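Okay, so here's the structure we're looking at.
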């Protein structure tokens with residue numbers, strides 16, 4: 001089957017670094033996405049990993065280990081506006097095409 | 001600006017009264033998706049179109065239908081809304097199935 005696990009909530013301090021983990025189980029892995037979703041708003045794309053390793057994009061980095069079914073999103077120099085839910089999404093190959101499955105998200109609270 | 005537009009942002013309908021939600025995009029993307037998202041849950045894919053090819057998810061109730069009359073527009077029809085269908089409905093697009101998705105602001109549906 002398909003399963004994505006993320007911590008439900010995390011709290012971190014402004015200016016600090018936080019790592020949000022995601023583990024997944026899929027039958028036909030074909031890429032992993034991270035999205036940010038502020039309360040009451042639509043998700044916005046942050047990063048994409050399909051090969052093992054670290055992808056860096058400004059204050060945000062994402063890491064993937066396909067053999068371990070594991071990814072993390074690293075947020076540096078945290079700002080108050082980073083308080084949001086962070087959704088891990090895995091693209092799975094299925095008969096006739098692909099399907100993106102979302103995790104339930106990790107709610108990040110950034111405190112002063 | 002190129003974007004994904006959803007109308008209306010808030011929709012109230014009565015139990016059992018058909019309702020249609022609309023989505024349009026100026027990105028000229030091939031793929032359009034409809035997701036249902038309930039509070040604190042992951043977005044759940046209902047179906048998607050690749051061009052005119054309709055792809056229904058196995059667990060999407062028959063109560064939910066979709067139409068894509070052209071590249072720009074996609075509609076979600078709920079034939080007989082139940083109280084359990086109250087949710088945020090997100091439309092998303094991607095250039096191809098392998099690419100990241102761009103989400104509209106969502107339509108929050110209330111069923112009375």
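Protein chains in written order, with my numbering: chain U, 1 to 112; chain X, 1 to 112. Virtual Cβ for every residue (Gly too), placed ideally from N, Cα, C. Since we're looking at a predicted model, the values are computed, not measured.
*Would you verify that the beta carbon of residue 42 of chain X is, or is not, closer than 8 Å to some beta carbon of chain U?*
By one-based count along the second chain, residue 42 of chain X stands at place 42. Yes - at least one Cβ of chain U is within 8 Å of the one on residue 42 of chain X.
*Verify the CB distance criterion: does residue 29 of chain U have a CB-CB separation below 8 Å to chain X?*
In the first chain, the residue the question calls residue 29 of chain U occupies position 29. Answer no: the Cβ-Cβ gap between residue 29 of chain U and chain X never drops below 8 Å.
_On the CB-based measure, 16 or more other CB atoms within 10 Å of its CB, does residue 17 of chain U come out buried or exposed?_
For the purposes of this step, residue 17 of chain U is taken as the residue at position 17 of the first chain. With fewer than 16 Cβ atoms within 10 Å of its Cβ, residue 17 of chain U is classed as exposed.
_Using beta carbons (cut-off 8 Å, strictly below), is residue 56 of chain U in contact with chain X?_
Residue numbering aside, residue 56 of chain U sits at position 56 when the first chain is read from its first letter. No, residue 56 of chain U does not count as interfacial toward chain X.
_Pick from X:106, X:13 and X:54 that is closest to residue 31 of chain X, judged by C-alpha positions_ = Reading the second chain from its first residue, position 31 is the one you call residue 31 of chain X. Among X:106, X:13 and X:54, the Cα nearest to that of residue 31 of chain X is on X:54.
*Could you tell me which of U:19, U:5, U:3 and U:29 sits nearest to residue 95 of chain U, measuring between CA atoms?*
Reading the first chain from its first residue, position 95 is the one you call residue 95 of chain U. Looking at the Cα atoms, U:29 is the closest of the given residues.
*Determine contact between the stretch 21-35 of chain U and the stretch 80-98 of chain U, defined as no fewer than three beta-carbon pairs at a distance below 8 Å.*
The stretch 21-35 of chain U is in contact with the stretch 80-98 of chain U.
*Starting from the beta carbon of residue 45 of chain X, find every residue of chain U whose beta carbon is closer than 9 Å, and list them in chain order.*
On the second chain, position 45 is the one that residue 45 of chain X refers to. Around residue 45 of chain X, the beta-carbon contacts reaching into chain U at under 9 Å are 99, 100, 101 and 102.
*Shortest alpha-carbon distance to residue 68 of chain X belongs to which of X:89, X:101, X:4 and X:50?*
Taking the first residue of the second chain as position 1, residue 68 of chain X is located at position 68. Taking only the C-alpha atoms, the option nearest residue 68 of chain X is X:50.
*Run down chain U in chain order and give the residues with a C-beta less than 8 Å from the C-beta of residue 105 of chain X.*
Along the second chain, read from residue 1 onward, the residue named residue 105 of chain X stands at position 105. Result: 41 and 42.
_Could you tell me the alpha carbon to alpha carbon distance between residue 66 of chain X and residue 47 of chain X, rounded to whole angstroms?_
Numbered from 1 along the second chain, position 66 holds the residue referred to as residue 66 of chain X. Numbered from 1 along the second chain, position 47 holds the residue referred to as residue 47 of chain X. Between residue 66 of chain X and residue 47 of chain X, the C-alpha separation is close to 8 Å.
_Buried versus exposed call for residue 89 of chain X [16 or more other C-beta atoms within 10 Å across all chains shown]_ = Residue 89 of chain X sits at position 89 when you count from the first residue of the second chain. Classified as buried, residue 89 of chain X has 16 or more neighbouring CB atoms from the shown chains inside 10 Å of its CB.
*Check distances from the C-beta atoms of the stretch 72-86 of chain U to those of chain X and list, in chain order, the residues that come in under 8 Å.*
Cβ contacts with chain X come from no residue of the stretch 72-86 of chain U.
*Kindly identify the DSSP beta-bridge partner or partners of residue 64 of chain X.*
Position 64 of the second chain, counting from 1, holds the residue named residue 64 of chain X. Paired residue(s): X:78.
_Counting only beta-carbon separations shorter than 8 Å, does residue 24 of chain U have a partner in chain X?_
The residue labelled residue 24 of chain U in the question sits at position 24 within the first chain. With a threshold of 8 Å between beta carbons, residue 24 of chain U makes no contact with chain X.
*Consider the Cβ of residue 15 of chain U: report whether some Cβ of chain X lies at a distance smaller than 8 Å.*
Along the first chain, one-based indexing puts residue 15 of chain U at 15. No, its Cβ sits nowhere closer than 8 Å to a Cβ of chain X.
*Looking at residue 12 of chain U and residue 108 of chain U, is the spacing between their C-beta atoms short of 8 Å?*
Position 108 of the first chain holds residue 108 of chain U. Position 12 of the first chain holds residue 12 of chain U. The Cβ atoms of residue 108 of chain U and residue 12 of chain U sit closer than 8 Å to each other.
_Proximal residues of chain X, C-beta to C-beta of residue 48 of chain U below 9 Å_ = What you label residue 48 of chain U is simply residue 48 of the first chain in a count that begins at 1. Within chain X, the residues near residue 48 of chain U are 99 and 100.
*Who does residue 98 of chain X pair with in a DSSP beta bridge?*
Counted from its first residue, the second chain places residue 98 of chain X at position 98. Answer by DSSP bridge pairing: none, since residue 98 of chain X is not bridged.
*Using 8 Å as the Cβ pair cut-off and three pairs as the minimum, do the stretch 36-50 of chain U and the stretch 18-31 of chain X touch?*
With the cut-off at 8 Å, the stretch 36-50 of chain U and the stretch 18-31 of chain X do not touch.
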